[in-house]
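In the working numbering, the protein residues as written are 16 to 205. Glycine included, every Cβ here is placed at the ideal spot set by N, Cα and C. The structure presented is a predicted model; accordingly, all values stated were derived computationally and were not measured.
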Amino acid sequence: MNIQPFLAELRSFVTGTFAEVDTWFDQPADLRAYPPADGGWTTDEVLTHIGLTNHYLLILIEKGAAKALANAQGLDLATELARYQFPREKLAAIGVLHAFDWVRPGHMEPRAHPQPLPAVRQQLRAQLAQTLACLDRLPHGEGLLYGTTMTVHDLGKLNVYEYVYFLAQHARRHLTQMQDNAAEFAAGVA
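Here it is, written out as structure tokens:
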């Protein structure tokens with residue numbers, strides 16, 4: 016596998032996803048505070064949840080990156096690159112709202128951790144920078160050299176790059192949720 020096009024695509028996907036999420040901070044306050052009829056989260060709560068989840072995923076990504084770099088000393092990166100196939104289909108469901116059942120841990124519940132919206136926005140921007148810096152430390156495919164188990168949707172072991180993709184797909188999932196909230200809000204206001 017030629018890792019450079021893959022890493023460019025991954026970087027673009029992450030950056031584009033974070034940019035889309037960021038636009039929701041500029042939506043009207045009444046839309047962001049709208050509680051959907053199904054009892055789900057408001058847009059402000061969704062944004063908080065994305066930041067909370069990113070926080071915990073980035074802990075794993077950072078640890079995985081450090082271990083992958085350490086493994087680069089003893090493992091054959093060329094062999095790993097030659098046999099690697101990115102599991103795009105396996106990870107695609109993460110970005111689809113309601114694609115599978117998952118009960119998130121309580122520490123990722125936004126209602127338990129309310130934050131001022133400007134702080135959440137700043138947190139997400141800092142998380143984007145942290146994610147891109149992590150990718151910068153793994154420029155030659157080193158992220159393939161360490162895996163961490165992901166229990167969500169029975170994904171199993173994911174390498175560092177796959178964890179970064181998961182992080183972005185998780186945000187994509189919630190972009191759909193915020194779009195659904197906005198459509199319901201617009202229908203109720205009209």
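Check: Residue of Leu-132, Leu-67, Ala-198 and Leu-92 minimising C-alpha distance to Leu-182; Outcome: Leu-67
Check: Residues bridged to Gly-162 (per DSSP); Outcome: Asn-174
Check: Cα-Cα separation, Leu-153 to Arg-103; Outcome: 20 Å
Check: Proximity of Leu-190 and Thr-32 at Cβ, strictly below 9 Å; Outcome: yes
Check: Where Arg-152 falls: helix, strand or coil (DSSP); Outcome: coil
Check: Three-state secondary structure (DSSP) of Trp-117; Outcome: coil
Check: Distance CB(Glu-62)-CB(Arg-136) smaller than 9 Å; Outcome: Before going on, a small fix: residue 62 reads as Leu here, not Glu. Yes, they are a contact pair.
Check: Leu-173 versus Asp-45, Gly-79 and Ile-18, residue with shortest Cα-Cα distance; Outcome: Gly-79
Check: Distance between beta carbons of Val-167 and Ile-76, contact taken as under 8 Å; Outcome: Not a contact, Cβ separation roughly 14 Å.
Check: The alpha helix (DSSP H) enclosing Phe-33, as first and last residue numbers; Outcome: 18-38
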